[in-house]
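Number of protein chains: 2
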Amino acid sequence: MTGTRGVDTAQLMELLSVSLGAYYGDFTVAAASENLTASQGKTLNVLRRGPAAMRVLASILSCDASNMTGIVDRLEKRGLVRREPGLTDRRVKNVVLTDEGERVIDVIRGKMHTTRAGLDNLSADERDTLYALLERAFTSQPTRV
Amino acid sequence: MTGTRGVDTAQLMELLSVSLGAYYGDFTVAAASENLTASQGKTLNVLRRGPAAMRVLASILSCDASNMTGIVDRLEKRGLVRREPGLTDRRVKNVVLTDEGERVIDVIRGKMHTTRAGLDNLSADERDTLYALLERAFTSQPTRV
DNA sequence: GGCTGGTGCTTGAAGTTATCAAGCATCTAG
DNA sequence: CTAGATGCTTGATAACTTCAAGCACCAGCC
Numbered sequence: 001m002t003g004t005r006g007v008d009t010a011q012l013m014e015l016l017s018v019s020l021g022a023y024y025g026d027f028t029v030a031a032a033s034e035n036l037t038a039s040q041g042k043t044l045n046v047l048r049r050g051p052a053a054m055r056v057l058a059s060i061l062s063c064d065a066s067n068m069t070g071i072v073d074r075l076e077k078r079g080l081v082r083r084e085p086g087l088t089d090r091r092v093k094n095v096v097l098t099d100e101g102e103r104v105i106d107v108i109r110g111k112m113h114t115t116r117a118g119l120d121n122l123s124a125d126e127r128d129t130l131y132a133l134l135e136r137a138f139t140s141q142p143t144r145v
Numbered sequence: 146m147t148g149t150r151g152v153d154t155a156q157l158m159e160l161l162s163v164s165l166g167a168y169y170g171d172f173t174v175a176a177a178s179e180n181l182t183a184s185q186g187k188t189l190n191v192l193r194r195g196p197a198a199m200r201v202l203a204s205i206l207s208c209d210a211s212n213m214t215g216i217v218d219r220l221e222k223r224g225l226v227r228r229e230p231g232l233t234d235r236r237v238k239n240v241v242l243t244d245e246g247e248r249v250i251d252v253i254r255g256k257m258h259t260t261r262a263g264l265d266n267l268s269a270d271e272r273d274t275l276y277a278l279l280e281r282a283f284t285s286q287p288t289r290v
C-alpha cells in the first residue's frame, strides 16, 4: 500500500521543510526549558554520539569553525562540556560531554513530546520503513558498514 | 531493501536529527549563495505557499513576533518581500513575496543538490511512502480534537 | 637542523538573530 | 463607550554568524 499518490520531488522537499520546522521547534522549546539556545542544544546532541574536534563539530553543524569557539566556551562555562587536547595532534581540541552535559541532553531529548507523539502515530513496521528510507536518502553510507 | 528491523524511537529520532541536519545544511548553503541568511531563506520558503501575517510567520518559524520585524525589514529592503495591510483587520500586516522574491527562493530550492540527490536514491514508490509517513508523523491533522 | 606551506583553533569586528519588556494602534466584548 | 485582548513595532541585551587575521602546531623539503 505504498502508492498514496504520485508525489514529485518538489512536494517531498516541501514536506521535508515542514517536518524539519516541526522537529526544530520541538527541540528548541525543549532546549530552552533547560536554559540552552538551539545551537547549544544541537552541539550537545552531536556530542552525545561521542567526542569530536572543533572543526568536526563546525562541519556537522554547518557553521564556521570560529563560531564553535564561542558556543563551546559557553557550554564549558556551564560545565556541560570540556575541551581535551588531541593526543596525536596538539592543535586539536576534542570536545567531550561531561556527566552533567549528558544528563542535560538526555532530559532535552525526553522533552520532545510533539515529535515523539508524531512518531507514535506510526506502527513499528512503519517506523522501520521510515528509518530505512531516511537512511538511504540522507546518510552517505548505511550504518551497517 | 535494507531491511533494518527493530528500530526503537530513540534511534529513529537520532536519524531524524541527522537527516534534518543534512537538509538544513544544504538549504543554508543554497541560501548563502544568494546572500541570504538561513532565517531569511526560511521566511521566503514559508511565503512561497502564499502571503502570511507577521505573527503567523513567527509561529511557523518558532520565534518571537518581534524577531520577524527585523527579518522582514531586511527582506523588504532588498525588494524580496512587501508588507500589505490586512483587509479586515488593520493591525495585521500581510507579508507577500515579490516577483523577485519568488525567483530567489526558487533558485535556492533548485540549488539543494545534496538533498535532491539523496531523494533520487529512492524509487517513485519509496518517495510516496516516505511522503505518507512524514505527513502522518509531522503534520498535525485535526483528526479528533 | 631550519624553511615552507598547510591545518586547527582562537580573536576581533560587524551584522544578524533571538528574547523580553514596553508601547501604540486596532479590534472585540460588554 | 470603556476595558481588555490582539498585532505589530521599538529598544535593550545576549547569543549567533561570518570574515579576516593571527598563533600554534604539523608535515614535507632543502
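Chains as they are written, first to last, in our numbering: chain A, 1 to 145; chain B, 146 to 290.
Where a beta carbon is used, it is the ideal one built from N, C-alpha and C, also for glycine.
Sequence-distant Cβ neighbours of G101/A in its own chain, meaning closer than 8 Å and more than five residues away, are L44, L47, L75, G79, L80 and V81. Annotated as proximal: F138/A and S164/B, with beta-carbon spacing under 8 Å.
Chain-ordered, the chain A residues with CB closer than 7 Å to the CB of V163/B read F138 and T139. For the pair of segments examined, the region 96-114 of chain A was found to touch the region 16-32 of chain A: the number of CB pairs separated by less than 8 Å reaches three.
When K222/B, E159/B, S207/B and V240/B are compared, the shortest CA-CA separation from L181/B is found for K222/B.
Listed along chain A, no residue sits closer than 7 Å to E229/B by beta-carbon distance, the nearest being about 24 Å off. In this structure, DSSP gives V163/B a helical state, which the three-state scheme calls helix. Relative to T233/B, the option among A198/B, D218/B and S162/B whose CA is nearest is A198/B. Shown here, V252/B sits in a helix according to DSSP, grouped into three states. Looking at the backbone, the Cα of D251/B and that of T98/A are separated by about 43 Å.
In terms of CA proximity to A58/A, G166/B leads the group G166/B, R248/B and E159/B. Bridge partners of L97/A according to DSSP: V81/A. Inside the region 168-221 of chain B, DSSP marks whole alpha helix (DSSP H) runs of 4 or more residues at positions 183-192 and 199-205, from first to last along the chain. Counting only the Cα atoms, T260/B lies some 23 Å from R55/A.
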